[in-house]
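Okay, structure coming up:
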């Protein structure tokens with residue numbers, strides 16, 4: 018906050034078309050500083066993860082055109098991957114319901130599932146291979162086999178294909194190191210960054226590449242990389258990014274991460290041992306996926322999936338809250354009388370509105386477990402209020418006539434997500 022406020026008093030916006038500013042220079046230098054000299058030493062700023070990937074793809078294709086290999090215009094991506102929603106990035110996607118309708122409109126892409134499958138492809142037309150290192154996000158948080166990234170780097174070196182790492186999700190400490198590629202000491206030809214770059218405060222992305230690739234764009238004007246945005250290297254975003262990097266140092270984040278990651282692993286293991294619906298837990302640093310299945314081990318059919326029983330709240334202050342209903346979970350302890358550390362106790366609550374097809378079980382949990390009081394009824398609306406005089410601390414339940422998939426749910430309430438009071442530490 019302080020870094021953004023200070024920058025607002027200096028300059029809040031500057032075109033990056035033929036211009037630069039000190040914060041952009043410093044940020045680019047610090048990002049490149051995470052890699053050995055002479056490797057990733059050039060930075061192209063953009064707005065989000067999709068444009069970071071899009072930039073890498075365009076640069077890879079243009080590089081081939083300007084170095085005598087125009088036939089190398091195809092990409093290889095991995096099945097069930099996700100790399101963004103702009104057209105080029107979407108063409109890399111391997112999840113059908115995200116990208117099937119746009120198939121054939123972007124770059125020519127070959128999807129593979131394994132390194133063995135990749136090795137069967139003729140490399141002569143491949144511009145680059147795109148992968149999320151260590152773990153796939155959209156693919157249910159599934160880790161790659163250990164050593165795969167190293168082998169992929171070796172294959173790219175042998176064939177001349179560019180290695181493009183999408184670290185939009187994995188970057189900035191999420192895997193236990195600053196970047197996932199650091200785990201195997203792999204240096205890509207392109208590194209795509211976003212999300213954690215500004216600590217989640219402002220849109221900002223970066224695509225890092227090598228001096229060799231950069232040099233191919235020098236010389237005559239037609240060699241330039243004509244790609245950019247109105248908010249490229251926005252000074253406020255750069256200020257937030259630099260402040261975020263400062264926090265990694267001042268708070269000794271990476272020295273403290275191993276203990277925290279171990280605690281998370283212990284907690285996930287305990288969760289799996291307590292709940293029969295937890296089929297598998299997958300963890301990579303601070304990234305975790307919890308796969309739920311029916312007690313017989315079979316996957317839930319669509320109508321019974323956990324997400325279908327999430328009942329969304331509408332919070333006047335914009336905070337997303339949810340009641341989560343799990344049919345048959347009546348025997349689980351409620352939050353107020355469960356094994357919850359004191360520091361995680363409810364500290365504040367804002368008014369919400371809840372739609373569901375049957376209010377009886379939800380109302381019982383609100384009153385019997387959480388101490389809400391029913392304060393009135395009007396038509397199909399029932400109002401509940403927490404004890405005390407806190408303004409806005411109410412739940413309005415609207416009994417709907419039908420079941421709206423994805424918006425309503427049935428069953429008992431097992432957990433309630435609350436927003437902490439604004440002054441809570």
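Numbering (the numbering used here), first residue to last: 18 to 442.
Backbone N, C-alpha and C define an ideal beta-carbon position, used for all residues, glycine too.
Point to revise | Three-state secondary structure (DSSP) of residue 269 | key: On the chain shown, position 252 is the one that residue 269 refers to. Residue 269: coil per DSSP, three-state reduction.
Practice item. Give the single residue among 55, 173, 166, 187 whose Cα lies nearest to the Cα of residue 99. Key: Sequence index remark: in the chain shown, residue 99 carries index 82 (1-based). Of the listed residues, the one whose Cα sits closest to residue 99 is 187.
Exercise for review: List the DSSP bridge partners of residue 301.
Suggested key: Counting from 1 along the chain shown, the entry for residue 301 is found at position 284. 304.
Review point. Terminal residues of the continuous beta strand (DSSP E) containing residue 59?
Key: Locating residue 59 in the chain shown gives position 42, where the first residue counts as 1. Run containing residue 59: 57–63, per the beta strand (DSSP E) assignment.
Point to revise | Boundaries (first-last residue) of the beta strand (DSSP E) holding residue 183 | key: Residue 183 sits at position 166 when you count from the first residue of the chain shown. Residues 179–183.
Review point. What is the rounded straight-line gap between the Cα of residue 80 and the Cα of residue 173?
Key: The residue you call residue 80 lines up with position 63 of the chain shown. The residue you call residue 173 lines up with position 156 of the chain shown. Their Cα atoms are separated by approximately 16 angstroms.
Review point. According to the neighbour-count rule (16 or more other Cβ atoms, all chains shown, within 10 Å of its Cβ), is residue 50 buried or exposed?
Key: For the purposes of this step, residue 50 is taken as residue 33 along the chain shown, with counting starting at 1. So residue 50 counts as exposed.
Point to revise | Of the residues 219, 42, 76, the one placed nearest residue 253, counting alpha carbons only | key: For this step, residue 253 is matched to residue 236 along the chain shown. Nearest option by C-alpha distance: 219.
**Study point:** Exposure of residue 28, with buried meaning 16 or more beta-carbon neighbours within 10 Å
**Key:** Taking the first residue of the chain shown as 1, we reach residue 28 at position 11. Its Cβ having fewer than 16 others within 10 Å, residue 28 is exposed.
Practice item. Could you check if residue 202 is buried or exposed, using at least 16 other CB atoms within 10 Å of its CB as the buried criterion? Key: Within the chain shown, numbered from 1, the residue matching residue 202 stands at position 185. That one is exposed.
Check your understanding: Between which two residues does the beta strand (DSSP E) carrying residue 19 extend?
Key -> Translated into positions along the chain shown, residue 19 becomes position 2. Careful: residue 19 lies outside any beta strand (DSSP E), inside the alpha helix (DSSP H) at 19–25.
Practice item. Determine the direct distance from the alpha carbon of residue 414 to that of residue 389, and round the result to whole angstroms. Key: Here residue 389 is taken as the residue at index 372 of the chain shown, counted from 1. Here residue 414 is taken as the residue at index 397 of the chain shown, counted from 1. For residue 389 and residue 414, the distance between alpha carbons rounds to 13 angstroms.
Review point. I think residue 166 touches residue 209, with their Cβ atoms under 8 angstroms apart; what is that distance to the nearest whole Å?
Key: As a working note, residue 166 is residue 149 in the chain shown. As a working note, residue 209 is residue 192 in the chain shown. Residue 166 to residue 209, Cβ: 15 angstroms. No contact.
Exercise for review: Write down the C-beta distance between residue 76 and residue 215 rounded to the nearest angstrom, noting that I regard them as a contact closer than 8 angstroms.
Suggested key: Position 59 of the chain shown holds residue 76. Position 198 of the chain shown holds residue 215. Not confirmed; about 23 angstroms, so no contact.
Point to revise | CA-to-CA distance, residue 287 to residue 175, given in whole angstroms | key: Indexing the chain shown from 1 puts residue 175 at position 158. Indexing the chain shown from 1 puts residue 287 at position 270. For residue 175 and residue 287, the distance between alpha carbons rounds to 45 angstroms.
Exercise for review: Quick one: residues in its chain with C-beta nearer than 7 angstroms to the C-beta of residue 65, no 5 flanking neighbours on either side, listed in chain order?
Suggested key: Translated into the one-based positions of the chain shown, residue 65 becomes position 48. Correct list, in chain order: 211, 220, 222.
Exercise for review: Consider the Cβ of residue 192: report whether some Cβ of chain D lies at a distance smaller than 8 angstroms.
Suggested key: The question asks about chain D, but that chain is absent: this structure has only one protein chain.
Exercise for review: Check whether the region 91–111 touches the region 130–138, counting contact only when three or more Cβ pairs, one atom from each stretch, lie closer than 8 angstroms.
Suggested key: yes
Practice item. Take the Cβ of residue 236 as the centre, count every other Cβ of all protein chains shown within 10 Å, and call the residue buried at 16 or more, exposed below. Key: Along the chain shown, one-based indexing puts residue 236 at 219. With fewer than 16 other Cβ atoms within 10 Å, it is exposed.
**Study point:** Neighbourhood of residue 57 by C-beta distance below 7 angstroms, restricted to the same chain and skipping five residues each side
**Key:** Residue numbering aside, residue 57 sits at position 40 when the chain shown is read from its first letter. Excluding sequence neighbours, residue 57 sits near 49, 204, 208, 225, 226, 227.
Practice item. In the DSSP assignment, find the unbroken beta strand (DSSP E) run with residue 128 in it and report its ends. Key: Looking up residue 128 in the chain shown gives position 111. Here the beta strand (DSSP E) through residue 128 covers 126–129.
Review point. Going by Cα to Cα distance, which pick from 178, 113, 305, 118 is closest to residue 139?
Key: For the purposes of this step, residue 139 is taken as residue 122 along the chain shown, with counting starting at 1. Answer by Cα proximity: 178.
Review point. Residues in its own chain within less than 6 angstroms of residue 26 by CB, not counting five upstream and five downstream?
Key: Counting from one through the chain shown, the residue named residue 26 turns up at place 9. Excluding residues within five positions, none has a Cβ falling inside 6 angstroms.
Check your understanding: Candidates 302, 303, 308, 284: which alpha carbon is nearest residue 294's?
Key -> The count along the chain shown starts at 1 and reaches residue 294 at position 277. Checked all of 302, 303, 308, 284; the closest Cα to residue 294 is 308.
Check your understanding: Within this structure, are the beta carbons of residue 23 and residue 88 separated by less than 8 angstroms?
Key -> By one-based count along the chain shown, residue 23 stands at place 6. By one-based count along the chain shown, residue 88 stands at place 71. Not closer than 8 angstroms, so no.
Practice item. Return helix, strand or coil for residue 51, following the three-state DSSP convention. Key: In the chain shown, the residue the question calls residue 51 occupies position 34. Residue state, collapsed to three classes: coil.
Review point. By how many angstroms is the C-alpha of residue 283 removed from the C-alpha of residue 231?
Key: Translated into the one-based positions of the chain shown, residue 231 becomes position 214. Translated into the one-based positions of the chain shown, residue 283 becomes position 266. Those two C-alpha atoms are separated by around 45 angstroms.
**Study point:** residue 146 - DSSP class collapsed to helix/strand/coil
**Key:** As a working mapping, residue 146 is identified with position 129 in the chain shown. If DSSP states are grouped into helix, strand and coil, residue 146 belongs with the strands.
Point to revise | Rounded straight-line distance, which links the Cα of residue 402 to that of residue 395 | key: The residue you call residue 395 lines up with position 378 of the chain shown. The residue you call residue 402 lines up with position 385 of the chain shown. Whole-angstrom Cα-Cα distance: 15 angstroms.
Practice item. Assess, as a yes-or-no matter, whether the region 144–155 is touched by the region 29–46 under the definition of 3 or more beta carbon pairs within less than 8 angstroms. Key: no
Check your understanding: Looking at C-alpha atoms only, which residue of 251, 239, 193 is the closest neighbour of residue 276?
Key -> The residue given as residue 276 occupies position 259 in the chain shown. For residue 276, the nearest C-alpha among the options comes from 193.
Exercise for review: Using three-state DSSP, classify residue 84 as helix, strand or coil.
Suggested key: Residue mapping note: residue 84 aligns to position 67 of the chain shown, counting from 1. Residue state, collapsed to three classes: coil.
Exercise for review: Give the secondary structure of residue 196 by DSSP, where H, G and I count as helix, E and B as strand, and everything else as coil.
Suggested key: Position 179 of the chain shown, counted from the start, is the residue given in the question as residue 196. Residue state, collapsed to three classes: coil.
Exercise for review: Could you give the DSSP three-state label for residue 159: helix, strand or coil?
Suggested key: Walking along the chain shown from the start, residue 159 turns up at place 142. Three-state DSSP puts residue 159 in a strand.
Practice item. Tell whether a beta-carbon distance below 8 angstroms holds between residue 40 and residue 262. Key: Against the chain shown, residue 40 aligns to sequence position 23. Against the chain shown, residue 262 aligns to sequence position 245. No, these two residues do not count as a Cβ contact at 8 angstroms.
Check your understanding: To the nearest angstrom, how far is it from the Cα of residue 5 to the Cα of residue 381?
Key -> Since the first and last residues shown for the chain are 18 and 442, residue 5 lies out of range.
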